[in-house]
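J.: Protein chains in written order, with my numbering: chain A, 31 to 679; chain B, 282 to 714; chain C, 425 to 517; chain D, 130 to 263.
1) Which residue comes first and which comes last in the beta strand (DSSP E) that contains residue 462 of chain A?
2) What is the DSSP secondary structure of residue 236 of chain A, counted as helix, strand or coil?
3) First and last residue of the beta strand (DSSP E) that includes residue 362 of chain B?
4) Can you tell me the Cβ-Cβ gap for residue 628 of chain A and residue 639 of chain A, rounded? I've got them flagged as a contact below 8 Å.
5) Answer yes or no: does any C-beta atom of chain B fall closer than 8 Å to that of residue 475 of chain A?
6) Which bits of chain A does residue 163 of chain D rub up against, with CB to CB less than 8 Å?
7) Find the nearest neighbour of residue 243 of chain A within the set A:316, A:315, A:320, judged by alpha-carbon distance.
8) Interface residues of chain B around residue 507 of chain C at Cβ under 9 Å?
9) Give the interface partners of residue 73 of chain A over in chain B, defined as CB-CB distance under 7 Å, in chain order.
10) Please report how far the alpha carbon of residue 229 of chain A lies from the alpha carbon of residue 392 of chain A, in whole angstroms.
11) Taking the alpha helix (DSSP H) that residue 551 of chain B belongs to, which residues open and close that run?
12) Give a yes or no on contact between the segment 614 to 628 of chain A and the segment 148 to 161 of chain D, applying the rule of three or more CB pairs nearer than 8 Å.
13) Can you check DSSP and say which residues form a bridge with residue 526 of chain A?
14) Are any of the Cβ atoms in chain D nearer than 8 Å to that of residue 562 of chain A?
15) What does residue 152 of chain D touch in chain A if you count any residue whose Cβ is under 8 Å from its own?
16) Chain D partners of residue 678 of chain A, CB-CB under 7 Å?
17) Starting from residue 160 of chain D, find everything on chain A with Cβ-Cβ shorter than 7 Å and list it in chain order.
18) Going straight from the alpha carbon of residue 579 of chain B to that of residue 658 of chain B, what length do you get?
19) Near residue 573 of chain A, which residues of its chain fall below 8 Å by C-beta distance, leaving aside the five closest residues on each side in sequence?
20) Let's see if you can read the secondary structure: which residues bound the alpha helix (DSSP H) around residue 706 of chain B?
21) Taking the C-alpha atoms as reference points, what is the distance between residue 438 of chain A and residue 515 of chain A?
22) Are three or more beta carbon pairs between the segment 401 to 421 of chain B and the segment 350 to 362 of chain B nearer than 8 Å?
23) For the segment 211 to 229 of chain A and the segment 649 to 669 of chain B, state whether three or more C-beta atom pairs, one from each stretch, are separated by less than 8 Å.
24) Give the secondary structure of residue 255 of chain D by DSSP, where H, G and I count as helix, E and B as strand, and everything else as coil.
25) Between which two residues does the alpha helix (DSSP H) harbouring residue 58 of chain A extend?
26) Taking C-beta to C-beta, are residue 461 of chain C and residue 480 of chain C nearer than 8 Å?
27) Between residue 253 of chain A and chain B, is there a C-beta pair that is closer than 8 Å?
28) Note down the Cα distance separating residue 510 of chain A from residue 619 of chain B, rounded to an integer number of angstroms.
29) Could you check which residue in A:140, A:48, A:36, A:202 has the C-alpha nearest to that of residue 122 of chain A?
30) What does the Cβ neighbour count give for residue 548 of chain A, buried or exposed, with the cut at 16 atoms within 10 Å?
31) Please report whether the beta-carbon of residue 559 of chain A lies at a distance below 8 Å from any beta-carbon of chain D.
32) For residue 117 of chain A versus residue 158 of chain A, is the C-beta spacing smaller than 8 Å?
33) Restricting to Cα atoms, I'd like to know which of C:512, C:472, C:439 is closest to residue 611 of chain B.
34) How far does the alpha helix (DSSP H) with residue 590 of chain B in it extend, from its first residue to its last?
35) Give the C-beta separation of residue 405 of chain B and residue 446 of chain B to the nearest angstrom, bearing in mind that I take them to be a contact with Cβ-Cβ under 8 Å.
36) Does the segment 371 to 390 of chain A touch the segment 456 to 470 of chain A, meaning 3 or more C-beta pairs lie closer than 8 Å?
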């Protein structure tokens, strides 16, 4: 039992002190048994306070420490470090959360909040009194990272990790790498084309010996945990033997082309967002990587016509599974463009209403004249915020990239084709930062900007065979404006991937916007609550390419730091079996998800034993024991019951 | 503080101890690299440590910076030189940068000072407190601010009358007037430029009357009024201490403005103003807040929702262009503006006007490098020469850029940019080893 | 303490001279400080009340008063009936 | 209403999933009764019936398990196991003539701040009512 405990009650500026009477809390706590020092402090986390606590622990030889401040999710480690620096075991430190769960939650009731703070701290005191000094076990960690998604974020992270000395598996569920970036033509950040950037990066990727790429591959299942994940990968059949395909072999290319030509199956080409069709044998663009076409297994009728032309084709390929061992997983799975439901601004009903991604493909495909469905385009109306900033729909968020992307496309068609009039029906242009210059350039080129708001949106209708966009323009005091246009481009935003399985297998939490959720936007922007699982890029929120790459590189840095020492310190919260009481009934082994409990022999009696390296401290074995012979370190009956007592006392 | 104070060789020299410098320094230090952070200010923490709460999560800036600040200060692989400035960097070859650093005297022995503030009490001088953006005074010997790191006193020698009172009273014998400016020469294998940004000076826009009208303040001055360690007891007008009840924000002050030479958007003002408006409504429940804007750039994760929340709380957003601000006899301000929704010129009276000042490039990196050219963009930000695939890469191999040194950026963007810089630096160091 | 207290101030005095403007500003501040503290001797006052009583520009009064408050000479009282101006008191030390 | 004695509720939350949601409720300043006290455990399937029974003995009016549900980082068996714990404890409660409705369980995801507060409000209301009728 600890007898010399120091308790510090944090004002947190006025975050706590405005609602909790910290002086009263201090007085009440000072009366408790075993409490030697009680102090209040403006910012417990400030370096000066940390120093003061260290000095106090040393001077008064404190044997327990309680800091009542914010959520332990923010500062548990900060204060455990404080304890450690003063020579106190970090597990003799307990944090009482009197901000998130007291002052903020009950800011409407200062008296109630003060009472609750006292109870919460008493609970923390009860815990610290019974706390044991613990040393965290270390596990070996594999310095290997699995990157899911070979779009720009994934490829960039792969190269960087490889250069920092980490082995990388990178998987892509498509048969080709490059993700969304490869689908874009000119990129607004630098005017390079997506294809160029991906080609450049893929060349770099191929140079690294410590990167293995699997295309057509997804995660089938995982087990294990940080440092040692075991992942089963599912490789779907490409139906063309990749190793048969030679580069710069004109003869071979000819044969492949013949095979493509003979293929009788035509399906919408999703690389071009379905504005064109492709065969069941396909590749996305000229320099697509890997440099080998693929056969769309779902679309292919297996007629076998192609096989006669090309020996590389193998319609009998089956899906394969391989097992890999990795220390961490980095998700860079990207986004799906918002797909408007039929009828939203005439989409799917009016012939010449398309989405921004479709428009971008169209610009890429139309070399000299902008033609859509055999009609030469002389005027374009852009309708912004389609699928973003929805008032009634689910997507409340702004998709961040689309204003700039639409404006950039508009500039691009001015430069590439002659005499096109552009109308931008926007809800406030969000060309933040240097992107503002594009907005300026487009306005100077004569693009017409009309602003609408949530209540008065633009509408698209057909009158006498002509497509008309109507709106009340805020910029001209709400005057009704009408434009007859050849093409309507719906500036669609980003949505989370429709493919949910990867996130579900890895149990990555999702946020209110349904994108993957990081732990903290500012403190831990690429970490998730699942240790060893990182996220980066557009799978966590809409981002443009530069931003996604920055996040990918951040995640690479964090993953490398986690694994490069070859070992990771774990929490020492492990299950412990009271072998005297144990009657070996097997219930605990059945409950344990990690196979961490074994049958062993104790002087002729069969008893259970915990394998420490496997135990993750979840405690699932605790309640199933019929004789109550298992305790979790830090959560023993004595501790739990004394906390329960203390909080109501 | 690092034990290896006199070390002369580092893997990485980080210029700037703000959030970007700290984040990249910490990442690299945690991977085992030796890092030197040079901070020109008396404390590390940059701009962020002075902010109140941060958008869109409304957690307090101090709660996020102080742990990072103390982690930096404690990390055995990090050495910090505060109150110091890099004068010149000479690239001698791959992995070899010679830097000379000016270490200015504090006139206080850092290790001896306990931060007790007894010296402040006896100092007879009161001058503008730059850490409170001149809203209140400070002494000539002073601790910069309560959560400064290091939290030790310094003497502002320009404003000192050399009375010696501080030295007499200091029980720790920490005052030392014999200190002189030192030049520290070090070598580093790589450099991260994380020198941040400057705020736009609104005296350049005369028609807003900043500096002339006491109740026209900058957003940074409002920010200080909203922190726990604020200069006044409440949000008050600096001219007469009146509690304002009708506050106006003028967005795009010094941004998107060709006339002042800054045509780009500052990326943060819309959101920090929206945040301040929410905080003001908490601090002064009776006050009305009007935000005059051109476009609201609520683009980041959770920003749009935050903007809608502010509207829901009753913050008034007026799409309008401010023409001129005039001061009335009672200290109130009259704003002439073009109401874009209605297409007419209007006037409105407010009792406090906050200018949402934009951000500008820090000029420091411009002439730092000898014999090498550090390319800048046309707004004097450090140029990212391969923005899409190597966002931290600059025109000098081995020199990387982090945070707002490469352009306007909010905190999450600065942190991810710093993450990228640390990662690119680490692989550079490994590649060229 | 065994050794006599150091006096490094004498070292710097030989090297530096004090800018006369700084001395001027100090005199200004001391004068204002005295006036404000004196004005508050007769009881709590708002900033406009002090400014009127001592006949000093109100902006200067606010700055000096707030500095006095920061260094513990003055404390904040209640707000006036109009919810406009706070009263300030002398702080008993 | 305010003078009424508020029901004391013990909440078992989990480190990684439901406790962050309770924190988030605070961050968003959504209020609930201040007589709700939280104990954090690694996983909701580690809660022993004896702890819950102990709480009732000591005078808590209600016990609420903010379960991980399918989000549990430790495995999918969590929900099922937590359900069994609640079932077993209900039996023990019946034997001691404690209204089984005084123990509740619901899955609370890491961002389910609003749903947590709703649970607290309705549970507080229920417990206050039963107390009055008892």
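Beta carbons are placed, not taken as given, at the ideal position from N, Cα and C, and that holds for glycine. These numbers were taken from a predicted model, which means no experiment stands behind them.
T.: A quick look at the data gives this:
1) First-last for residue 462 of chain A: undefined, no H or E at that position.
2) DSSP places residue 236 of chain A in helix when its eight states are reduced to three.
3) Element bounds for residue 362 of chain B: 359 to 362.
4) Going by Cβ atoms, the distance from residue 628 of chain A to residue 639 of chain A rounds to 5 Å, so yes, they are a contact pair.
5) Chain B contact via Cβ: absent.
6) What residue 163 of chain D touches in chain A: 132, 135, 136, 139, 142, 143, 145, 146.
7) Closest option to residue 243 of chain A, Cα to Cα, is A:320.
8) Result: 524, 526, 567.
9) Going along chain B in sequence order, the residues near residue 73 of chain A (Cβ under 7 Å) are 343, 347, 428.
10) Distance between the alpha carbons of residue 229 of chain A and residue 392 of chain A: 21 Å.
11) Element bounds for residue 551 of chain B: 550 to 564.
12) With contact defined as three or more Cβ pairs closer than 8 Å, the segment 614 to 628 of chain A and the segment 148 to 161 of chain D are not in contact.
13) Residue pairing by DSSP places residue 526 of chain A opposite A:365 in a beta bridge.
14) No, residue 562 of chain A does not count as interfacial toward chain D.
15) Per Cβ cutoff of 8 Å: 101, 103, 127, 130, 131.
16) Think of a sphere of 7 Å around the beta carbon of residue 678 of chain A: the chain D residues whose beta carbon falls inside it are 137, 187, 188, 189, in chain order.
17) Ordered by position in chain A, the residues that pass the 7 Å Cβ test against residue 160 of chain D are 135, 136, 138.
18) Rounded to whole angstroms, the gap between the alpha carbons of residue 579 of chain B and residue 658 of chain B is 25 Å.
19) Result list for residue 573 of chain A: 430, 431, 567, 581, in chain order.
20) From DSSP, the alpha helix (DSSP H) with residue 706 of chain B extends over 692 to 712.
21) Between the alpha carbons of residue 438 of chain A and residue 515 of chain A lies a distance of about 19 Å.
22) No, the segment 401 to 421 of chain B is not in contact with the segment 350 to 362 of chain B.
23) As far as the Cβ criterion goes, the segment 211 to 229 of chain A touches the segment 649 to 669 of chain B, which means the pair count is three or higher.
24) Under the three-state reduction of DSSP, residue 255 of chain D is assigned to helix.
25) That run of the alpha helix (DSSP H) goes 52 to 60.
26) Judged by beta-carbon spacing, residue 480 of chain C lies beyond the 8 Å limit of residue 461 of chain C, meaning their Cβ atoms are not closer than that value.
27) False, the Cβ-Cβ gap to chain B never drops below 8 Å.
28) Across the structure, residue 510 of chain A and residue 619 of chain B are spaced so that their CA atoms are roughly 20 Å apart.
29) The shortest C-alpha to C-alpha distance from residue 122 of chain A to any of A:140, A:48, A:36, A:202 is the one to A:36.
30) When all chains shown are included, residue 548 of chain A counts as buried.
31) Chain D, which has a Cβ nearer than 8 Å to the Cβ of residue 559 of chain A, makes this yes.
32) Going by C-beta atoms, residue 117 of chain A is not nearer than 8 Å to residue 158 of chain A.
33) Of C:512, C:472, C:439, the residue nearest in Cα terms is C:472.
34) Per DSSP, the unbroken alpha helix (DSSP H) holding residue 590 of chain B starts and ends at 584 to 594.
35) Cβ-Cβ separation between residue 405 of chain B and residue 446 of chain B: approximately 7 Å, consistent with a contact (criterion under 8 Å).
36) By the criterion of at least three beta-carbon pairs nearer than 8 Å, the segment 456 to 470 of chain A is not in contact with the segment 371 to 390 of chain A.
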